[in-house]
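J.: Residue numbers (our numbering): 606 to 777. Here it is, the structure in full.
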């Protein structure tokens with residue numbers, strides 16, 4: 606076994622790091638590379654935001670730039686009024702998350718955390734009650750410990766299969 610030595614990394618001057626710091630200050634935050642389904646969801650919410658802003662008679666980008674928690678709460682109200690097929694609270698929560706991704710992508714910074722928390726509380730309380738949103742979740746069939754125990758029990762106790770060359774209970 607040979608021990609490999611790590612390559613020595615280049616040592617830079619303090620001026621180099623000062624320049625790198627300035628480069629970081631000037632750089633725009635890198636955009637995330639989203640999955641195709643996420644991009645599709647972002648497109649749906651973006652189109653609904655544009656439709657909402659046209660309904661209000663405002664510019665969608667300027668309205669997004671100046672958006673406060675009340676604007677987003679109103680957008681969610683309008684969405685539920687306009688699209689009656691939305692019946693689950695989880696869908697509204699997903700709209701909120703996707704909206705914040707759109708906001709982050711457009712503005713290069715996150716929406717205010719405290720305001721986002723109040724919007725979440727608004728969905729969990731007022732919207733859920735006012736629009737009678739369904740809060741149930743679908744059962745997902747997964748294996749648990751008892752299922753694994755049953756499978757192993759059957760495999761080791763009840764399976765009478767014999768394999769070539771297998772000697773069972775001292776038989777020749």
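We put the beta carbon where it would ideally sit given N, CA and C, even for glycine.
Between which residues of its own chain and residue 728 is the CB-CB distance below 8 Å, once the five residues before and five after are set aside?
T.: In the chain shown, residue 728 corresponds to position 123, counting from 1. Excluding sequence neighbours, residue 728 sits near 681, 694, 697, 698, 701.
J.: Quick one: Cα of residue 685 to Cα of residue 639, how far?
T.: Sequence index remark: in the chain shown, residue 685 carries index 80 (1-based). Sequence index remark: in the chain shown, residue 639 carries index 34 (1-based). Whole-angstrom Cα-Cα distance: 26 Å.
J.: What runs of the alpha helix (DSSP H), each 4 residues or longer, lie entirely inside the segment 651-686?
T.: Here the runs fully enclosed are 665-670.
J.: Measure the C-alpha to C-alpha separation of residue 689 and residue 750 and round it to an integer number of angstroms.
T.: The residue you call residue 689 lines up with position 84 of the chain shown. The residue you call residue 750 lines up with position 145 of the chain shown. Distance between the alpha carbons of residue 689 and residue 750: 41 Å.
J.: Distance, Cα to Cα, residue 704 vs residue 622?
T.: Start at 1 with the first residue of the chain shown, and residue 704 comes out as number 99. Start at 1 with the first residue of the chain shown, and residue 622 comes out as number 17. Cα-Cα distance, rounded: 37 Å.
J.: In angstroms, rounded to a whole number, what distance separates the CA positions of residue 617 and residue 630?
T.: Taking the first residue of the chain shown as 1, we reach residue 617 at position 12. Taking the first residue of the chain shown as 1, we reach residue 630 at position 25. Looking at the two C-alpha atoms, the distance is approximately 19 Å.
J.: Check whether the segment 663-681 touches the segment 706-715, counting contact only when three or more Cβ pairs, one atom from each stretch, lie closer than 8 Å.
T.: Segments in contact, yes.
J.: Is the CB-CB distance between residue 723 and residue 674 below 8 Å?
T.: Your numbering for residue 723 matches position 118 in the chain shown. Your numbering for residue 674 matches position 69 in the chain shown. Yes. Within cutoff.
J.: State the Cα-Cα distance for the pair residue 619 and residue 628, rounded to the nearest angstrom.
T.: For the purposes of this step, residue 619 is taken as the residue at position 14 of the chain shown. For the purposes of this step, residue 628 is taken as the residue at position 23 of the chain shown. For residue 619 and residue 628, the distance between alpha carbons rounds to 14 Å.
J.: Looking only at its own chain, which residues have a Cβ that is under 8 Å from the Cβ of residue 739, when we skip the five neighbours before and after it?
T.: Residue mapping note: residue 739 aligns to position 134 of the chain shown, counting from 1. Around residue 739: 692, 693, 694.
J.: Helix, strand or coil for residue 620? Go by DSSP, reduced to three states.
T.: Translated into positions along the chain shown, residue 620 becomes position 15. Residue 620 falls in the helix class under three-state DSSP.
J.: Note down, in chain order, each residue of its chain lying with its Cβ closer than 7 Å to the Cβ of residue 736, except the 5 sequence neighbours on either side.
T.: The sequence position of residue 736 within the chain shown is 131, counting from 1. Excluding positions up to five away in sequence, the list reads 685.
J.: For residue 690, list the residues DSSP reports as bridge partners.
T.: Mapped onto the chain shown, residue 690 falls at position 85. Answer is none; residue 690 lacks a bridge partner.
J.: Quick one: what does DSSP say residue 628 is sitting in, helix, strand or coil?
T.: In the chain shown, the residue the question calls residue 628 occupies position 23. Note: residue 628 maps to helix in three-state DSSP.
J.: Which residues bound the alpha helix (DSSP H) around residue 719?
T.: The count along the chain shown starts at 1 and reaches residue 719 at position 114. Unbroken alpha helix (DSSP H) run through residue 719: 718-727.
J.: Could you give the first and the last residue of the continuous alpha helix (DSSP H) run that contains residue 750?
T.: Counted from its first residue, the chain shown places residue 750 at position 145. Where residue 750 is concerned, the enclosing alpha helix (DSSP H) stretches over 750-758.
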